[in-house]
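Numbering (the working numbering), first residue to last: 169 to 730. Quick reminder that beta carbons are idealized off the backbone N, C-alpha and C, glycines included. Here the structure comes first, spelled out in structure tokens, and everything after it is commentary.
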């Protein structure tokens, strides 16, 4: 029976009938849709592989590298704290940081090693070797400190606390400690600092490589999105042509209904977004409904893209589903543009800050009483810090020239010797120090509501031509971002140039003043000599006159006698 019905349908099949024509149209439409879907699936699969590589390799590797850099910075900070204070808690914290942060992140990095290039794999192996060498060097430095400096320091403290201690012995211990401190600084500079620079450079190389790969893969995804859009438009054009050709064959009774979707597709082909088509009561109603949905989706996508172009990244947009290639691509584009815009704002913020400081330097009288206070006030406010201080090198020591906190200028007097505290250490090392775990006893930011330790400390030297002209110290309750640290570094470079120029100008002014004073003294001496000569001439003239008077009297007396 079923075979008979099938043969009957075959005999009744004819393109002159409406149903067969629609059936042919449906078959062709499904063929095009299938090809389009297969193409989109293949394209999405490639894009998904790239996205997975970005999410599972590139971004995690960058995060791990950053964590290693942060952990090693903590190692160096804790060791410096131990050397400066002698507090053994820094030793335990350093070992704990090494085990729980550095070694843990190194193990994570090794898990990603197989997914990286041969160069990055080799760099990772070198980094591991350098990190192990760095730990050994840190252990050796602490051993040197414990075996040599700590006993001498204890003897000095006991001698200073005792009234009966020998001054010669105390002086000898102080000299020995100064010598040992110098040896320790030499070891740090020659071993620890070099190893730290080496592995930081290798880690930065790995990070930069991942950045480049991330950029390249992002460009690949964008290119695939363009291909997908081209395929979609091409599929719509082909479908419009097919439907238009077959629609011509449909009877006049359906011509009016068919013309509606044809007009819609024609406008879509031209890039227009027409209004929704009124539903029909015939077999084409499903096509009209699908067309209206496409128009609605494209209008939503167009409005979303327009808002993105105007910088409104908060505009709401809902994708049709997980396979909505255009919608998901627009979401990804929005996220990337938002990230780029944020980076541009940060760069503009840095540029504006440098320009404002330059304007302040031009308008403010250099080396006046408010010069340094104006600079520190501007920097503290601009980077949203809570407290700041500017030290300037004077007579081989650092003098606090200005202090600013909670929108008020603080009048403080402080002198720091090279190597004393973090400020003195930054002066010697000529490198900035960034602490996110500030010891409680180091600094407390005070306001009218109370006081509290800051969340982070940023100490940046004012270096010009390998010479330190001062130190800028900032404290904040919030952790500084990378763009804020970058701005502070550039501001310190600019300030170093200004301080250097002003110190040269001051020296020149002092020499000029001394020269003027000497010239004034010479002129005064010449005037005095001229007055003396005039007085001498007047005296000689008076003596000559009196002598003539005496001679005349003698002559008169002689005449009277005769």
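*residue 631 and residue 598: beta carbons closer than 8 Å?*
Here residue 631 is taken as the residue at index 463 of the chain shown, counted from 1. Here residue 598 is taken as the residue at index 430 of the chain shown, counted from 1. Closer than 8 Å, so yes.
*Relative to the C-alpha of residue 385, which residue among 718, 446, 218 and 244 is closest?*
For this step, residue 385 is matched to residue 217 along the chain shown. For residue 385, the nearest C-alpha among the options comes from 218.
*Find the nearest neighbour of residue 198 within the set 274, 404 and 700, judged by alpha-carbon distance.*
If you number the chain shown from 1, residue 198 lands on position 30. The option with the nearest alpha carbon to residue 198 is 404.
*Who are residue 660's beta bridge partners in DSSP?*
Position 492 of the chain shown, counted from the first residue, corresponds to residue 660. Note: residue 660 sits in no beta bridge, so no partner.
*Between the CA atoms of residue 276 and residue 672 - distance to the nearest angstrom*: On the chain shown, position 504 is the one that residue 672 refers to. On the chain shown, position 108 is the one that residue 276 refers to. Per the coordinates, the alpha-carbon of residue 672 lies some 53 Å from the alpha-carbon of residue 276.
_Using 8 Å as the cut-off, can you tell me whether the region 255 to 266 makes contact with the region 280 to 294, which would need three or more C-beta pairs spanning the two stretches below that distance?_
Too few Cβ pairs lie closer than 8 Å, so no.
*Roughly how many angstroms lie between the CA atoms of residue 200 and residue 377, to the nearest whole one?*
As a first step, residue 200 is located in the chain shown; it is residue number 32 there, counting from the start. As a first step, residue 377 is located in the chain shown; it is residue number 209 there, counting from the start. Inter-residue distance for residue 200 and residue 377 is about 42 Å (C-alpha atoms, whole angstroms).
_What would DSSP say about residue 600, mapped onto helix, strand or coil?_
Translated into the one-based positions of the chain shown, residue 600 becomes position 432. It is coil, neither helix nor strand.
*Buried or exposed: which applies to residue 360, given that a residue is buried once 16 or more other Cβ atoms fall within 10 Å of its Cβ?*
The count along the chain shown starts at 1 and reaches residue 360 at position 192. Answer is buried; the Cβ neighbour count reaches 16.
*Nearest to residue 493 (by Cα), restricted to the options 392, 460 and 471*: By one-based count along the chain shown, residue 493 stands at place 325. It is 392.
*Please classify residue 173: is it buried, with 16 or more other beta-carbons within 10 angstroms of its beta-carbon, or exposed?*
Here residue 173 corresponds to residue number 5 of the chain shown, with the count starting at 1. Note that residue 173 scores 46 on pLDDT, short of 50, meaning its location in the model is unreliable and no value can be drawn from it.
*Under 6 Å Cβ to Cβ from residue 569, same chain only, skipping five residues before and after it: list those, please.*
Sequence index remark: in the chain shown, residue 569 carries index 401 (1-based). If we look at residue 569 and ignore the five residues flanking it on each side, its Cβ neighbours are 540, 558 and 560.
*asked:* Determine whether the beta carbon atoms of residue 232 and residue 273 lie at a separation below 8 Å.
replied: Taking the first residue of the chain shown as 1, we reach residue 232 at position 64. Taking the first residue of the chain shown as 1, we reach residue 273 at position 105. Taking 8 Å as the Cβ cut-off, residue 232 and residue 273 qualify as a contacting pair.
_Given this structure, state the Cα-to-Cα distance separating residue 669 from residue 523, to the nearest angstrom._
Along the chain shown, read from residue 1 onward, the residue named residue 669 stands at position 501. Along the chain shown, read from residue 1 onward, the residue named residue 523 stands at position 355. Using only the alpha carbons, I get a separation of about 19 Å.
_Exposure label - residue 510; buried when at least 16 CB within 10 Å_ = By one-based count along the chain shown, residue 510 stands at place 342. Here residue 510 is exposed, its C-beta having fewer than 16 other C-beta atoms within 10 Å.
*Under 6 Å Cβ to Cβ from residue 294, same chain only, skipping five residues before and after it: list those, please.*
As a working note, residue 294 is residue 126 in the chain shown. Result list for residue 294: 370, in chain order.
*Under 8 Å Cβ to Cβ from residue 715, same chain only, skipping five residues before and after it: list those, please.*
Taking the first residue of the chain shown as 1, we reach residue 715 at position 547. Nothing meets the Cβ criterion.
*When the distance is taken between beta carbons, is residue 600 closer than 8 Å to residue 624?*
As a working mapping, residue 624 is identified with position 456 in the chain shown. As a working mapping, residue 600 is identified with position 432 in the chain shown. Taking 8 Å as the cut-off, the beta carbon of residue 624 is found no closer than this to the beta carbon of residue 600.
*Of the listed residues 538, 344 and 641, nearest to residue 566 (C-alpha basis)*: Position 398 of the chain shown, counted from the start, is the residue given in the question as residue 566. When only C-alpha atoms are compared, the closest one is 641.
*From residue 406 to residue 206, what does the alpha carbon distance come to, in whole angstroms?*
Residue mapping note: residue 406 aligns to position 238 of the chain shown, counting from 1. Residue mapping note: residue 206 aligns to position 38 of the chain shown, counting from 1. Rounded to whole angstroms, the separation of the alpha carbons of residue 206 and residue 406 is 16 Å.
*Report the residue from 675, 380, 550 and 459 whose alpha carbon sits nearest the alpha carbon of residue 229.*
One-based indexing of the chain shown puts residue 229 at position 61. The residue with the shortest Cα to Cα distance from residue 229 is 380.
_Cross-strand partners of residue 809 (DSSP beta bridge)_ = In the structure as shown, the chain starts at 169 and stops at 730, and residue 809 therefore has no counterpart that could be examined.
*Quick one: is residue 497 buried, meaning 16 or more other Cβ sit within 10 Å of its Cβ, or exposed?*
To locate residue 497, count along the chain shown from 1; it is residue 329. Buried, by the Cβ-count rule.
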